[in-house]
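>
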Amino acid sequence: MLQSFASQVESYSPTPRLVRSDVFAFIAERTWLDFINTEDIRRGVRMDALNDFESMVTWLEAASLLDAERAGGIRRRAQQQPTGATASVVDARRIRTSLRELAEKGACVPQVRADAQNEINRVLGRSAGTRRLEQRNDGTFGRTFVPSGDAFAGLLIPIVESAADSLILGELLRVRSCSDHRCPRVFFDNTKNGRRRWCDMTTCGNRAKAARHRQKGMVN
Ligand SMILES: [Zn+2]
Numbered sequence: 138m139l140q141s142f143a144s145q146v147e148s149y150s151p152t153p154r155l156v157r158s159d160v161f162a163f164i165a166e167r168t169w170l171d172f173i174n175t176e177d178i179r180r181g182v183r184m185d186a187l188n189d190f191e192s193m194v195t196w197l198e199a200a201s202l203l204d205a206e207r208a209g210g211i212r213r214r215a216q217q218q219p220t221g222a223t224a225s226v227v228d229a230r231r232i233r234t235s236l237r238e239l240a241e242k243g244a245c246v247p248q249v250r251a252d253a254q255n256e257i258n259r260v261l262g263r264s265a266g267t268r269r270l271e272q273r274n275d276g277t278f279g280r281t282f283v284p285s286g287d288a289f290a291g292l293l294i295p296i297v298e299s300a301a302d303s304l305i306l307g308e309l310l311r312v313r314s315c316s317d318h319r320c321p322r323v324f325f326d327n328t329k330n331g332r333r334r335w336c337d338m339t340t341c342g343n344r345a346k347a348a349r350h351r352q353k354g355m356v357n
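According to this note's numbering, the residues represented by the sequence shown are 138 to 357, in order.
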């Protein structure tokens, strides 16, 4: 009985709460770090934009890594090839795990950098397609990758390229975890003094400030 209930829960998708693009946080200053933050905790509730294929495509759109036209195409492809679509989500979670290791330990542990390099090359190596420079709706420019052949395989190319850029530029020393130990978010610290501690001043930063005020109140 329990088992059949579990499988029902697993096959239920997409998760309605997550397909709204306005719930995603883009606070990390780097695409690959925002991608790690698809695994998030809000008000104590675990959320995951890589729960299912639809949520993942919605996130890629919100991150400006897929335009509406290509997102429509990839959704149609997912209906035709549901197994391929599901496999691409599983693969995306695997890549995220590897990139989280890189974000959290890469600056100190050479083996973690080597493992991430292998993972990045695995993703870069399996997909053929065309790289393009595109102008976004807001007038800014971005790189896009239009895959040929296996459309799913190319979806995460811009994410691993962003991680590759951080390795090339030696940015790992500025990659931080949020100072609130309950918060799983990571970010790139691009402040002048290199002292950014919180993922977001309106959430974790604000909570810390309130806690400091309470402590002061107790001392006085
Ligand atoms: Zn935080």
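For each residue, glycine too, the CB sits at the ideal point set by N, CA and C.
#1: Do you know offhand how far Phe324's Cα is from Val312's?
#2: In chain order, what residues have a CB nearer than 5 Å to some heavy atom of ligand 1?
#3: With distances taken from CA atoms, which of Ala162, Leu170, Val160, Phe161 is nearest Asp326?
#4: Buried or exposed: where does Phe172 fall if 16 or more other Cβ atoms within 10 Å of its Cβ makes it buried?
#5: Check whether the segment 257-269 and the segment 291-303 touch, using three or more Cβ-Cβ pairs below 8 Å as the test.
#6: Quick one: using the 10 Å Cβ neighbour count with 16 as the cut-off for buried, is Asn330 buried or exposed?
#7: Buried or exposed for Asp317, going by 16 or more other Cβ atoms inside 10 Å?
#8: State the DSSP-derived secondary structure class of Asp185, mapped to helix, strand or coil.
#9: Just list the beta strand (DSSP E) runs in the segment 238-284, keeping only unbroken ones of 3 residues or longer that don't cross its boundaries, in chain order.
#10: Considering just the uninterrupted stretch of the alpha helix (DSSP H) at Ile211, what are its terminal residues?
#11: Looking only at its own chain, which residues have a Cβ that is under 8 Å from the Cβ of Arg351, when we skip the five neighbours before and after it?
#12: Just tell me which of Leu197, Ala199, Leu236 has its CA closest to the CA of Ile257.
#13: Taking the beta carbon of Cys245 as the centre, do at least 16 other beta carbons fall within 10 Å, making it buried, or is it exposed?
#14: If we ignore side chains and look at the alpha-carbon of each, how far apart do Leu306 and Gln217 end up?
#15: Expressed to the nearest angstrom, what Euclidean distance is found between the alpha-carbon atoms of Val100 and Glu238?
Short version:
#1: The alpha-carbon atoms of Phe324 and Val312 are separated by roughly 6 Å.
#2: That query returns the following residues: Cys315, Asp317, Cys320, Arg322, Cys336, Cys341.
#3: Checked all of Ala162, Leu170, Val160, Phe161; the closest Cα to Asp326 is Leu170.
#4: Phe172 is buried by the Cβ-count criterion.
#5: Enough Cβ pairs lie closer than 8 Å, so yes.
#6: Asn330 sits exposed, since fewer than 16 C-beta atoms from the chains shown fall within 10 Å of its C-beta.
#7: Flag for Asp317 reads buried.
#8: Residue state, collapsed to three classes: strand.
#9: DSSP runs (the beta strand (DSSP E)) wholly in the segment 238-284: 265-272.
#10: Element bounds for Ile211: 205-217.
#11: The answer is none, since no qualifying residue turns up.
#12: Out of Leu197, Ala199, Leu236, Leu236 has the C-alpha closest to the C-alpha of Ile257.
#13: Flag for Cys245 reads exposed.
#14: Between Leu306 and Gln217, the C-alpha separation is close to 40 Å.
#15: With the chain represented from 138 up to 357, any question about residue 100 goes unanswered, as that position is not in the structure.
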